[in-house]
Structure formats: structure tokens, C-alpha cells
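Novice: The structure follows.
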Amino acid sequence: MFPLKFKNVPPVKKVQSQNTDDLFKHDILSSLHALKLSLSQMKSSRESTDLLDAMVNEVISLEESVQSQFYVEKKFTPLQLALYIKRFFINAYPENRWKQLFEFKFHFLNSSEIKVVNLKQVLRNLAHNLRENQNTHILIEFSCRKHFKLKISSMYSDENCSTASGLGLQSIHQNLSDIGGRFELSKKMNKLVQELIFPIFVD
73 MFPLKFKNVP PVKKVQSQNT DDLFKHDILS SLHALKLSLS QMKSSRESTD LLDAMVNEVI
133 SLEESVQSQF YVEKKFTPLQ LALYIKRFFI NAYPENRWKQ LFEFKFHFLN SSEIKVVNLK
193 QVLRNLAHNL RENQNTHILI EFSCRKHFKL KISSMYSDEN CSTASGLGLQ SIHQNLSDIG
253 GRFELSKKMN KLVQELIFPI FVD
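The numbering of the sequence shown is my numbering, which starts it at 73 and goes up by one.
In C-alpha cells:
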């Protein structure tokens, strides 16, 4: 069990290793893949404004992924963090079908402060996995009492939905571990539940 509170945690100095390099390469390739999809959509679509916005956002994400090698840290109130995450998922891919998959629920959110590390990197990996699993409905819930919890419950049609410990999941786990949080994943029938725990920052 990881501690859920911490005080004045200094930036984590990442040790260069083959595994770290592999995670970094994976995140870069995920961003490039998203850009390629957007370009393909733009070729066949007359309405390109949303696609251009999505591509600009992905370039920003790609830039931050490179910066993440040097540790990208931000602070949010629980409501700010929930709204940021909601906006990210809705705009992660340009297709209307993707946007229509989501349902969002906001539970109790206190007025504490949440510190996050490499947030876009975490969210990008989550979005990529959700897209790959051919989901039919995605419920995202936010709550914050003793810690900030992001719960993602996704229904999918493919019984071969992957929950393997791939590089994307390792990257999510590592980034949460760096701040004393945790990542949990469970699968039952055609439902996949992912829970991300972000600790409350105590000054």
C-alpha cells in the first residue's frame, strides 16, 4: 500500500535504464500514432477545425512527453483536476463516435490540493488503451475525500480485451508511484475497471 499523503516531496530523479527508455519510446510513439490518425481523418473530412485543434493538442502532449524525462509537476484543486481530465478525454481523438462513448459523474470533491506528475502522459496512455479495446461505453467518476480518485469503468465488445502489463500500463503505474499514489485494474466479464489514486498534497 502506497502512502496517500506526503510533504514537500522533491522532484524524482529518474534513473536511466532500459525500462525507462522503453516507456519513453512508447509514449512518444503513442503521440505520433494519434497525429497520424488525425491526419488520416483530415484527408477524408471537410470539417477540419476540430481535427486541427486535436492535432495541436497532441503536439503539445508530445512536447510534454519529451519534457517528462525531466519531470513535469503540476498542482490542481480536485474540481480543476476533474474538469481537466474530462476535457482531455473528450478531445483525445477527433471522431464523434469517441466523444459519444463517455459519461461523467462528479461525486464529493473537497477543496484540497492535488499534486500530479506527467499528467498528460498518464491520460494519453489511458485514452490509447480505451481506444484499442473497442469500448461501447465509458463511465468516468471523480471523487476526493482522503485522496483524489479517478475511476474508469469501460464496457467493451471484444472478449479479448487486453489487461496485460504493457508499457503503457507500466508508465501509468510508475508516474503514480513517483508521487505516492497507485494504479489498480480489474476485469470482470466484459467490464474493465481502472482506478487511479492521487494523494492530497500537504504543505
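Even for Gly, the Cβ is constructed at its ideal location relative to N, Cα and C. Just so we're clear, the structure is a prediction, and the values are computed from it rather than from any experiment.
1) Work out the CA separation of GLU145 and LEU198 for me, nearest whole Å.
2) First and last residue of the beta strand (DSSP E) that includes ILE210?
3) By DSSP, does ILE162 sit in helix, in strand, or in coil?
4) Give a yes or no on whether the minimum CB-CB distance between HIS219 and chain B is below 8 Å.
5) How should HIS245 be labelled, buried or exposed, when 16 other C-beta atoms within 10 angstroms of its C-beta is the threshold for buried?
6) Distance check for ASP99 and GLN193, CA to CA, integer angstroms please.
7) Are LEU211 and GLU175 closer than 8 Å when you measure CB to CB?
8) Using C-beta distances below 7 Å, list every residue in its chain close to SER225, excluding the 5 sequence neighbours before and after it, in chain order.
9) Name the two residues that bound the continuous beta strand (DSSP E) containing SER225.
10) Quick check on DSSP: helix, strand or coil for ILE244?
11) Classify GLU175 as helix, strand or coil using the three-state DSSP reduction.
12) Can you list, in chain order, the residues of its chain whose CB lies under 7 Å from that of SER184, leaving out five sequence neighbours each side?
13) With DSSP run on the structure shown, which of helix, strand or coil describes GLU167?
14) Between LEU248 and LEU268, how many whole angstroms is the CB-CB distance? I'm expecting something under 8 Å.
15) Quick check: ASN201 and GLY253, are their CB atoms within less than 8 Å of each other?
16) Grab the span of the beta strand (DSSP E) containing GLU145 for me, first residue to last.
17) Excluding the 5 residues flanking PHE255 on each side, which residues of the same chain have their C-beta closer than 7 Å to its C-beta?
18) Could you check which residue in PHE180, ILE157, GLU204 and LYS158 has the C-alpha nearest to that of ALA106?
19) Where does GLU130 sit, in a helix, a strand or coil, going by DSSP?
20) Among LEU181, TYR165, PHE160 and LEU257, which one has its Cα closest to the Cα of LEU191?
Specialist: Put simply:
1) Straight-line spacing of the CA atoms in LEU198 and GLU145 works out to 19 Å.
2) 207 to 216
3) helix
4) Among the chains in the structure shown there is no chain B, since it carries only a single protein chain.
5) Buried: at least 16 other Cβ atoms inside 10 Å.
6) 7 Å
7) Closer than 8 Å, so yes.
8) LEU211, LYS263 and VAL265
9) DSSP places SER225 inside the beta strand (DSSP E), whose first and last residues are 219 to 228.
10) It is helical.
11) strand
12) PRO150, CYS216 and ILE272
13) coil
14) 6 Å
15) no
16) First-last of the beta strand (DSSP E) with GLU145: 145 to 148.
17) ILE244, HIS245, LEU248 and LEU268
18) GLU204
19) helix
20) The shortest C-alpha separation from LEU191 is found at PHE160.
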